[in-house]
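Read top to bottom, the protein sequences are chains X and V.
To get the working numbering, take the position in the first sequence, counting from 1, and add 716.
To get the working numbering, take the position in the second sequence, counting from 1, and add 716.
Even for Gly, the Cβ is constructed at its ideal location relative to N, Cα and C.
Protein chains: 2
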Amino acid sequence: MGSATIFFWLQLPNVTKSNGLTLTIFGIITLIATYNYIRIFNSWSEAFTVASKGGGDYAVQLTGAPFNDGHRYQDWLLTVPLLLIEMILVMKLPQQETVSLIWKLSLASALRVALGYPGEIQDDLSVRWFWWCLAMIPFSYVVFTLAAGLAEATSKQPSPAAASLASAVRYLTMLSWCTYPFVYMVKSVGLAGPAATMYEQVGYVLADVLAMPVFGVLIWGIVAEKSAVEGSGKLLPN
Amino acid sequence: MGSATIFFWLQLPNVTKSNGLTLTIFGIITLIATYNYIRIFNSWSEAFTVASKGGGDYAVQLTGAPFNDGHRYQDWLLTVPLLLIEMILVMKLPQQETVSLIWKLSLASALRVALGYPGEIQDDLSVRWFWWCLAMIPFSYVVFTLAAGLAEATSKQPSPAAASLASAVRYLTMLSWCTYPFVYMVKSVGLAGPAATMYEQVGYVLADVLAMPVFGVLIWGIVAEKSAVEGSGKLLPN
Chain X
717 MGSATIFFWL
727 QLPNVTKSNG
737 LTLTIFGIIT
747 LIATYNYIRI
757 FNSWSEAFTV
767 ASKGGGDYAV
777 QLTGAPFNDG
787 HRYQDWLLTV
797 PLLLIEMILV
807 MKLPQQETVS
817 LIWKLSLASA
827 LRVALGYPGE
837 IQDDLSVRWF
847 WWCLAMIPFS
857 YVVFTLAAGL
867 AEATSKQPSP
877 AAASLASAVR
887 YLTMLSWCTY
897 PFVYMVKSVG
907 LAGPAATMYE
917 QVGYVLADVL
927 AMPVFGVLIW
937 GIVAEKSAVE
947 GSGKLLPN
Chain V
717 MGSATIFFWL
727 QLPNVTKSNG
737 LTLTIFGIIT
747 LIATYNYIRI
757 FNSWSEAFTV
767 ASKGGGDYAV
777 QLTGAPFNDG
787 HRYQDWLLTV
797 PLLLIEMILV
807 MKLPQQETVS
817 LIWKLSLASA
827 LRVALGYPGE
837 IQDDLSVRWF
847 WWCLAMIPFS
857 YVVFTLAAGL
867 AEATSKQPSP
877 AAASLASAVR
887 YLTMLSWCTY
897 PFVYMVKSVG
907 LAGPAATMYE
917 QVGYVLADVL
927 AMPVFGVLIW
937 GIVAEKSAVE
947 GSGKLLPN
């Protein structure tokens with residue numbers, strides 16, 4: 717995440733000004749994720765300890781301090797709306813439509829994250845499912861709006877290279893966004909204890925890596941290609 | 717807050733020099749807030765602990781260390797006058813009027829923060845109300861002066877896009893400024909204990925997010941639009 721931030725910002729002098737805004741915001745997204753992953757790392761280290769059982773064997777034990785996954789939701793509350801703003805900026809719609817989409821999608825996606833959290837910290841399965849269903853309402857609205865908008869944006873790209881990247885962005889977005897509700901379900905289907913927590917954390921980390929640095933590099937490819945077409949010189953190798 | 721600072725400073729090369737001053741100061745405002753929020757976070761962590769009650773249940777307990785909200789007032793003592801200076805600079809009044817307004821409003825707003833603090837750290841309700849009333853005198857002076865000045869500034873913007881942003885700035889300022897006295901009242905109406913402290917903190921955080929990063933992005937929109945009109949090239953996408 718931190719490396720992605722440095723990459724996006726070091727590329728800033730190489731793109732045109734309006735494309736630079738896209739890279740600036742993407743570097744901020746991965747910076748917020750860097751900060752929150754350090755907090756998650758520290759909380760994880762405080763919650764578990766590795767104790768010697770003698771004879772060179774070790775066992776992982778709970779320290780009694782709870783693992784605080786709230787940092788993950790604090791991260792998403794900021795980064796998910798910012799990721800949507802990035803996608804809307806890349807679509808290059810008329811200004812009025814851009815502003816209206818930014819308001820609607822960023823509020824809906826923040827609402828989705830906020831509705832997911834009360835379920836995430838529950839052990840009662842029916843309460844978990846209740847908040848999952850509520851969060852799926854703004855989630856579905858955002859995904860369907862994006863699917864339609866991105867299809868249109870793909871057809872409007874200025875060059876075949878940009879169009880093929882925009883198409884990759886579209887499928888990656890759908891894939892990574894639809895991963896989260898399934899990972900959330902890990903604990904809702906009755907898996908419990910440290911193993912469930914571990915699977916859930918691995919799932920969220922994989923989804924975040926797709927949604928942030930991998931997605932960001934594709935967006936960088938698009939803005940680099942667009943800057944080249946707009947005349948600031950060729951950036952992508954070949 | 718930290719992300720907002722980076723955003724404003726990374727946008728510096730894209731605006732004209734006089735508009736760059738506005739962005740520089742705004743990055744300093746959110747930087748001061750970042751520093752103080754780290755101090756508040758640490759003080760909060762020291763004041764509360766999460767202890768296991770066995771069986772996977774946890775309880776939040778007081779550690780005995782007091783939660784020090786003084787960092788919030790130390791933050792406001794610097795950031796509130798700076799926020800007012802930002803608004804006065806955006807108004808683009810004649811130089812003499814600008815200087816006189818900066819002195820009057822920044823001293824009045826610092827006085828308001830200083831008068832609020834002795835009440836904030838009191839448990840006696842009548843003493844809380846006494847300081848609240850005193851702080852409302854400079855507060856009202858600042859809000860009425862701003863309301864009048866911003867109405868005039870809105871009508872003087874160089875383009876319809878800048879005028880619509882200036883109008884949003886005006887309403888957001890009134891909304892966020894008027895939130896603080898109400899949040900202060902949470903404890904004055906007799907709510908007490910950890911719940912009251914939590915509601916108060918959530919209220920102040922929401923008001924600060926509106927008054928600093930959200931407000932700052934609107935100000936950035938205005939200076940980007942003004943720089944475009946003044947000829948440094950189009951900045952906002954579309």
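Item	Value
V841/V, enclosing alpha helix (DSSP H) - first and last residue	Here the sequence assigns Leu to residue 841/V, which means Val is not the residue at that position. Looking at the DSSP string, the run of the alpha helix (DSSP H) that includes L841/V is L841 to S871.
Under 8 Å between C-beta atoms of F931/V and V885/V	yes
Chain-ordered neighbours of S719/V on chain X, where CB pairs are closer than 7 Å	I744, L747 and I748
Chain X contacts made by the segment 824-853 of chain V, where a contact means CB separation under 9 Å	none
For V731/X, three-class secondary structure by DSSP	coil
Chain V contacts made by the segment 855-878 of chain X, where a contact means CB separation under 9 Å	none
Backbone secondary structure at A775/X - three-state DSSP	strand
Check whether L739/X and F724/X have beta carbons under 8 Å apart	yes
For K942/V and A878/V, believed in contact at Cβ under 8 Å, the rounded distance	6 Å
Unbroken stretches of the alpha helix (DSSP H), 4 residues or longer, contained in the segment 783-810 of chain X	786-807
F783/V beta carbon less than 8 Å from that of T913/V	yes
For G937/X, the first and last residue of its enclosing alpha helix (DSSP H)	F931 to S943
V905/X, DSSP secondary structure in three states	coil
G919/X (DSSP reduced to helix, strand or coil)	helix
Backbone secondary structure at G770/V - three-state DSSP	strand
Meets three-Cβ-pair contact criterion under 8 Å: the segment 768-785 of chain X and the segment 759-777 of chain V	yes
The segment 821-830 of chain V contacting the segment 886-893 of chain V, beta-carbon criterion three pairs below 8 Å	no
Limits of the alpha helix (DSSP H) - the one that S719/V falls within	G718 to L726
Cβ pair count under 8 Å reaching 3, the segment 792-800 of chain V against the segment 791-807 of chain X	no
Contacts that I722/V makes with chain X (C-beta to C-beta distance below 9 Å)	W725, T740, G743, I744 and L747
Any chain X beta carbon closer than 8 Å to N960/V	Past the boundaries of the shown model lies residue 960/V; chain V is included only from 717 to 954, so the question cannot be answered.
Environment of G949/V [buried if 16+ CB atoms lie within 10 Å]	At G949/V the pLDDT is 49, less than 50, meaning the model places this residue with poor confidence and gives no usable figure here.
Cβ-based burial, P810/V [other Cβ within 10 Å; buried from 16]	exposed
Spatial neighbours of H787/X in its chain, beta-carbon cut-off 6 Å, leaving aside the 5 residues before and after	N752, R755 and I756
Residue nearest to S761/V in terms of C-alpha spacing, selected from G919/V, L798/V, Y915/V and D785/V	D785/V
Same chain, Cβ closer than 7 Å to W847/X, five either side skipped, listed in chain order	L831, G832, P834 and G835
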